[in-house]
Amino acid sequence: METYGQARFGVLAQRQSVCTVRPGNGDTHAPAAATSSVNLVERLLAVLGVLRGTGTADQICHACVGMLDVPAAAISLVCDGVNVATLGASGDDARTFDEAQFTVGEGPGLDAVAHGSPMVVEDFADQREHRWPIYGQVLLTHHVRGVVAMPFAVAGRYFGALELFSTAPARMSGERLAAAMAAANQAGLYLLDLLDEDDNADGTAWVELHTPARAEVAQATGMVMAQLNLRPDDALVRLRAHAYATGAATADVARAVVERRLHLEPH
-15 METYGQARFG
-5 VLAQRQSVCT
5 VRPGNGDTHA
15 PAAATSSVNL
25 VERLLAVLGV
35 LRGTGTADQI
45 CHACVGMLDV
55 PAAAISLVCD
65 GVNVATLGAS
75 GDDARTFDEA
85 QFTVGEGPGL
95 DAVAHGSPMV
105 VEDFADQREH
115 RWPIYGQVLL
125 THHVRGVVAM
135 PFAVAGRYFG
145 ALELFSTAPA
155 RMSGERLAAA
165 MAAANQAGLY
175 LLDLLDEDDN
185 ADGTAWVELH
195 TPARAEVAQA
205 TGMVMAQLNL
215 RPDDALVRLR
225 AHAYATGAAT
235 ADVARAVVER
245 RLHLEPH
């Protein structure tokens, strides 16, 4: 399993090489859509060009909500198949939808990064949609029916996904999908710039990207391991299971464990 340090080193060593998401060979709509969506992309770049710092990721999400006619958007940072942080979000609801993938251990954002290709869920309420069944149930309780997840890459490796959430079936036009691809690529450029600002050997930007969101989860996992004599994976499963059963975020459950307000009992 690759460590965060190894992943960070790979990014910094190749930071001049930025990989973009391109339509597959069977996508006959995307090339024309990419041309027709130039104005959308230009407006997005005009907004993002003056931004710096952590607020850029949130602004990308807000721009997607405004441009692509979706109620919520988030940028998920993924490493080694795990959602390690929500890099940006259009609001608390979008952050909740993204973090639910960490809680249940599945979701279109994770698979988009794993396969390096967009994942589209038209309607979780459709009985023919059998992918990510637990995640789908969670989103349906929040009245979210559709998800579009666009992966982004840095230095030729996929590190995250832009996720667009819809309360109606997600049937996006080729034009909007092309714009979503462009927005995802901007998320990759933002991550590259953030790491590029901290390219010295003792830099902490990579750590700061994921640690605040998951530090308490790691600490709580260690406490549960000690209390219940469990392996790390099993302790994390217990935290996630409690979060899912109570409808809470895994980070909130972890915080309660760390603050000793919650004690998980042995099965």
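Going by the numbering used here, 229 is the number at position 245 of the sequence shown; the sequence numbering is gapless. From the three backbone atoms N, C-alpha and C, an ideal C-beta is built for every residue, glycine too.
Environment of ILE118 [buried if 16+ CB atoms lie within 10 Å]: exposed
ALA232 versus ILE59 - alpha carbon distance: 20 Å
C-alpha distance - ARG278 paired with GLU83, whole-angstrom precision: Nothing about residue 278 can be read from this structure; the chain reaches only from -15 to 251.
Per-residue DSSP class, three states only, for ALA84: helix
Per-residue DSSP class, three states only, for ALA56: strand
Rounded straight-line distance, which links the Cα of GLY39 to that of PRO153: 29 Å
CB-CB length for GLY130 against ALA171, believed under 8 Å: Not a contact, Cβ separation roughly 20 Å.
Inter-residue Cα distance where the pair is VAL237 and ALA162: 38 Å
Candidates ALA204, THR70, ALA109: closest to LEU246 by CA position: ALA204
Test item: CB-CB of ALA57 and LEU148 under 8 Å: yes
Under the three-state DSSP convention, the category ARG160 falls into: helix
Assigned exposure category for LEU124 - 16 Cβ within 10 Å defines buried: exposed
Beta-carbon gap between CYS48 and ALA167 smaller than 8 Å: yes
First and last residue of the uninterrupted alpha helix (DSSP H) at VAL109: Strictly speaking, residue 109 in this sequence is Ala, with Val absent from that position. Element bounds for ALA109: n/a, residue is neither H nor E.
Burial state of ASP218 (16 or more Cβ within 10 Å): exposed
Identity of the residue in MET134, ARG222, VAL105 nearest GLY120 by Cα: VAL105
Length of the line joining the Cα atoms of ARG155 and ASP64: 30 Å
Extent of the continuous alpha helix (DSSP H) to which VAL122 belongs: 117 to 125
Backbone secondary structure at THR70 - three-state DSSP: strand
Distance between beta carbons of THR234 and ALA227, contact taken as under 8 Å: 4 Å
Reduced DSSP secondary structure (H/G/I, E/B, other) of GLY93: helix
Element boundaries [alpha helix (DSSP H), containing VAL242]: 234 to 242
Extent of the continuous beta strand (DSSP E) run through LEU146: 141 to 150
Cβ pair ALA109, GLY72 closer than 8 Å: no
Proximity of MET165 and MET134 at Cβ, strictly below 8 Å: yes
For VAL131, the first and last residue of its enclosing beta strand (DSSP E): 130 to 138
Residues of its chain near VAL242, where Cβ-Cβ distance is below 8 Å and the 5 sequence neighbours each way are ignored: GLU200, GLN203, ALA204, MET207
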